[in-house]
Each structure stands twice: as structure tokens, then as C-alpha cells.
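**Q** Take this structure first; my questions come after.
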Amino acid sequence: MPTEQVGQYEIDFSAVRLTDVDGWAAYVTVYGPSPNPMHRNSIVPAQRVAVEQVFDTEAAAEAAAHKAALAMLDAHA
Numbered sequence: 000m001p002t003e004q005v006g007q008y009e010i011d012f013s014a015v016r017l018t019d020v021d022g023w024a025a026y027v028t029v030y031g032p033s034p035n036p037m038h039r040n041s042i043v044p045a046q047r048v049a050v051e052q053v054f055d056t057e058a059a060a061e062a063a064a065h066k067a068a069l070a071m072l073d074a075h076a
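FYI, in numbering that gives the first Met the number 0 the residues of the sequence shown are 0 to 76.
Here it is as C-alpha cells:
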């Protein structure tokens, strides 16, 4: 699962192989600042993004998840 630090936020974006259809889904989790460095504070729990879309490749799903995570951070700011 790729992870990226954006300011004080940490985003996890990933692709998950779908079992019922041939393709990949995009998933995102966003963590915010936490008073305890041993625990991450999830401000956007793990969720599928671009739900109506099934991606042909893992890379395409990860790119869509990354784009969605950045949009979520922009909306949260």
C-alpha cells in the first residue's frame, strides 16, 4: 500500500483486486495529526473511492485513489 506524507497528513492509497469482476478498485485512508506518535488518527477511514469505476490495472486504481485522497485533503483544509 503506497503511503505519502502531505503536510501534517498521511495518506494510504491502494488498489484491491475485485473477485466478482475482472478489475481493480481504488481505496483510500487519510490520517491526521495525533497527540500520540504511536497511534495514527484516522480522519477518513478506509473506503473505496471512484465506486462506479473498475480499473483495468493496479496502477490505474492506485492513481485514482491518490487523486481522490488529495481532493479529500483539499476539501478538508
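Just so it is clear, CB atoms sit at the ideal spot from N, CA and C, and this is done for glycine as well.
The alpha helix (DSSP H) with Glu-61 in it runs from where to where?
**A** Run containing Glu-61: 57-75, per the alpha helix (DSSP H) assignment.
**Q** Out of Ile-10, Arg-16, Gly-6 and Gln-7, which has the shortest C-alpha to C-alpha gap to Glu-57?
**A** Among Ile-10, Arg-16, Gly-6 and Gln-7, the Cα nearest to that of Glu-57 belongs to Arg-16.
**Q** Could you give the DSSP three-state label for Asn-35: helix, strand or coil?
**A** In this structure, Asn-35 counts as coil in the three-state DSSP scheme.
**Q** For my contact list, Ala-68 and Val-27 are in at a C-beta cut-off of 8 Å; report their separation, rounded to the angstrom.
**A** Yes, Ala-68 and Val-27 are in contact; Cβ-Cβ is about 5 Å, under 8 Å.
**Q** Which same chain residues end up closer than 6 Å to Val-53 when comparing Cβ atoms and leaving out the 5 residues on each side of it in sequence?
**A** Counting only Cβ-Cβ distances below 6 Å, and skipping sequence neighbours, we find Val-20 and Gly-22.
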